[in-house]
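Novice: Let me give you the structure first, and then I'll get to my questions.
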Amino acid sequence: MKTVTCKGLNISEFSLGTVQLGMNYGINNATGKPDPKTSNTILNLAIENGINVLDTAAAYGDSELVIGAWLKTIAPSKKPLIVTKVTGIQPGTYRFVKEYIQGKVAASKERLGVEQLDMLLLHNFDEYLRDEDHVRQAMEELKADGDIRFTGASAYSHHDYGKIAETGFDATQIPINLFDWTQIKNGGMEKLEKSGMIVFARSVFLQGLVFADPDHLPEKMLFARDTLVKFRGLCEKYGLTPAVLALSYVNSLSAITSLVLGCETPQQVQENVDLFSKCVTLSADQLAEIRNCFVDTPRRVLNPGLW
769 MKTVTCKGLN
779 ISEFSLGTVQ
789 LGMNYGINNA
799 TGKPDPKTSN
809 TILNLAIENG
819 INVLDTAAAY
829 GDSELVIGAW
839 LKTIAPSKKP
849 LIVTKVTGIQ
859 PGTYRFVKEY
869 IQGKVAASKE
879 RLGVEQLDML
889 LLHNFDEYLR
899 DEDHVRQAME
909 ELKADGDIRF
919 TGASAYSHHD
929 YGKIAETGFD
939 ATQIPINLFD
949 WTQIKNGGME
959 KLEKSGMIVF
969 ARSVFLQGLV
979 FADPDHLPEK
989 MLFARDTLVK
999 FRGLCEKYGL
1009 TPAVLALSYV
1019 NSLSAITSLV
1029 LGCETPQQVQ
1039 ENVDLFSKCV
1049 TLSADQLAEI
1059 RNCFVDTPRR
1069 VLNPGLW
């Protein structure tokens, strides 16, 4: 598994999303939340294949507890970087904000069975925007106190990535896929890269749209046909499957540190590891061709909320 060095960390190009370990999640989840034995198998298989980042959150059901129980079964030297998230922050006095985050940090540490959180992200960048100074100061002080090693924020495509780059946080997590060029056109991705932040990418398959056959779409999804026809044409031209092209595109962006993919079964972990082994670095000409194809992709295609 390839790694990227950032902030003094060697981060695997594939980060394991663990929401599925804590709750039934996703419209394509056919197996449901795995039992503890299967969860341990998933986590062990990830580590054995060189994945060294787990993405979790307090809001992901029992995910932190599952990871915490698993950590007790492995050697300390094999412990991955654990990224978790805090939510529910409301504007108020500095003391109010810090004590709230501090309480959530303590709860996550207890569930994970650790003395320090490797990385804490705000689960939604909006919580930062509602009370910038107090939230930033609280995160910085919790880091200085040793409660948190790295700070960050999870964002959505409508957020100002330049604003994220100015926070002074260590990391961010953003949605990105080859159909959506908004944050490249407006310079947001470049600002993140220049900031030196660790950038985790999610939603690289756009909720499975990249796998859809343009000739067999349900009527309500016909608006995406032209986009998918162009995408399948590029897959054929480059000799890559839809999954490999989608991953290769995001992996080829210099701002991106690691891609977060969730897995419900050990088989899916292995399948995703195999996909990464088939990824290629796209050339400048290929990236330009992809841009020309999708730079003006309709918003309805890009936003699953409009499907």
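Residue numbers 769 to 1075, in my numbering, belong to the letters of the sequence shown in order. Using N, Cα and C, we set each Cβ at its ideal position, and we do this for glycine too. Because the structure is a prediction, the values reported are computed rather than measured.
#1: Starting from L890, trace the beta strand (DSSP E) both ways and give me its first and last residue.
#2: What is the DSSP secondary structure of A992, reduced to helix, strand or coil?
#3: Terminal residues of the continuous beta strand (DSSP E) containing A969?
#4: Here's the rule: buried if 16 or more other CB atoms are within 10 angstroms of the residue's CB, otherwise exposed. What is I795?
#5: Quick check on the DSSP output: the alpha helix (DSSP H) that includes N778 runs from which residue to which?
#6: Just checking, does the stretch 884-897 make contact with the stretch 809-817 on the three C-beta pairs under 8 Å criterion?
#7: With distances taken from CA atoms, which of A875, W838, A906 and A837 is nearest G860?
#8: Report the three-state DSSP secondary structure of V1048 (helix, strand or coil).
#9: Roughly how many whole angstroms lie between the Cα atoms of S922 and D830?
#10: Which residue or residues does DSSP assign as beta-bridge partners of V854?
#11: Run through DSSP, which three-state label would I795 get?
#12: Assuming contact is defined by CB atoms lying nearer than 7 Å, are G790 and Y828 in contact in what I supplied?
#13: Check each candidate in A1052, N1071, T1009 and T1025 and name the one with the smallest Cα separation from L1043.
#14: If we ignore side chains and look at the alpha-carbon of each, how far apart do H927 and L1029 end up?
#15: Checking 7 Å against the spacing of the C-beta atoms, do M756 and A1023 come in under that value?
#16: Work out the CA separation of L890 and D901 for me, nearest whole Å.
#17: Between I952 and Y1017, what straight-line distance do the alpha-carbon atoms span, to the nearest angstrom?
#18: Note down, one range per segment and in chain order, each beta strand (DSSP E) of at least 3 residues found wholly within the stretch 971-1035.
#19: Any idea which residues DSSP pairs D823 with across the strands?
#20: Count the other CB atoms within 10 Å of the CB of L849; is the residue buried (16 or more) or exposed (fewer)?
#21: Are A933 and L897 close, meaning C-beta to C-beta below 7 Å?
#22: With distances taken from CA atoms, which of E1039, Q1035, T1065 and T1025 is nearest N778?
#23: What's the call for A836, buried or exposed, on a 16-neighbour Cβ count within 10 Å?
#24: Where does T1065 land, buried or exposed, given buried means 16+ other C-beta within 10 angstroms?
#25: Out of A825, N812 and Y862, state which residue places its alpha-carbon closest to the alpha-carbon of A843.
#26: Whole angstroms are fine: how far does the CA of N808 sit from the CA of L833?
#27: Per DSSP, what kind of secondary structure is A939 in: helix, strand or coil?
#28: Measure the Cβ-Cβ separation of S894 and K775 and say whether it is below 7 Å.
#29: Have a look at A1052, C1061 and R917 and flag the residue whose alpha-carbon is nearest the alpha-carbon of W949.
Specialist: Answer, in terms of the structure:
#1: In this chain, the beta strand (DSSP E) harbouring L890 covers L885 to L890.
#2: Residue state, collapsed to three classes: helix.
#3: A969: member of the beta strand (DSSP E) spanning I966 to R970, first to last residue.
#4: Because the pLDDT of I795 is 43, which lies under 50, any placement of that residue in the model is unreliable, and the number read from its coordinates should be weighed accordingly. So I795 counts as exposed.
#5: Counting along the chain, N778 falls outside any alpha helix (DSSP H), though it belongs to the beta strand (DSSP E) covering L777 to S780.
#6: Counting C-beta pairs closer than 8 Å gives fewer than three between the stretch 884-897 and the stretch 809-817, which falls short of the contact rule.
#7: Minimum Cα distance to G860 is reached at A906.
#8: The DSSP-derived three-state label of V1048 is coil.
#9: Rounded to the nearest whole angstrom, the C-alpha separation of S922 and D830 is 20 Å.
#10: DSSP lists L890 as partners of V854.
#11: Note on I795: pLDDT 43, under 50, position unreliable in the model; the coordinate value appears next. Here I795 sits in coil by DSSP.
#12: It is a contact, given that the beta carbons lie within the stated cut-off.
#13: Distance from the Cα of L1043 is smallest, within the candidate group A1052, N1071, T1009 and T1025, for T1009.
#14: One C-alpha to the other measures close to 22 Å.
#15: The chain is shown from 769 up to 1075; residue 756 falls before or after that span and cannot be answered.
#16: Each residue's Cα considered, the two are about 14 Å apart.
#17: In this structure, the CA atom of I952 is about 13 Å from the CA atom of Y1017.
#18: The stretch 971-1035 is shown to contain whole beta strand (DSSP E) runs of 3 or more residues at 1026-1030, in chain order.
#19: Under the DSSP definition of a beta bridge, D823 partners with G785 and V851.
#20: By the neighbour-count definition (other C-beta atoms within 10 Å, threshold 16), L849 is a buried residue.
#21: No, they are not a contact pair.
#22: For N778, the closest of E1039, Q1035, T1065 and T1025 by C-alpha to C-alpha distance is T1025.
#23: The sequence as given places Gly at residue 836; Ala does not occur at that position. It is buried - the Cβ of G836 has at least 16 other Cβ atoms within 10 Å.
#24: Flag for T1065 reads buried.
#25: Nearest option by C-alpha distance: N812.
#26: The alpha-carbon of L833 is positioned some 12 Å away from that of N808.
#27: Annotated three-state conformation of A939 is strand, per DSSP.
#28: Looking at the sequence shown, residue 894 is not Ser but Asp. Annotated as distal: D894 and K775, with beta-carbon spacing of 7 Å or more.
#29: The candidate whose alpha carbon is nearest that of W949 is C1061.
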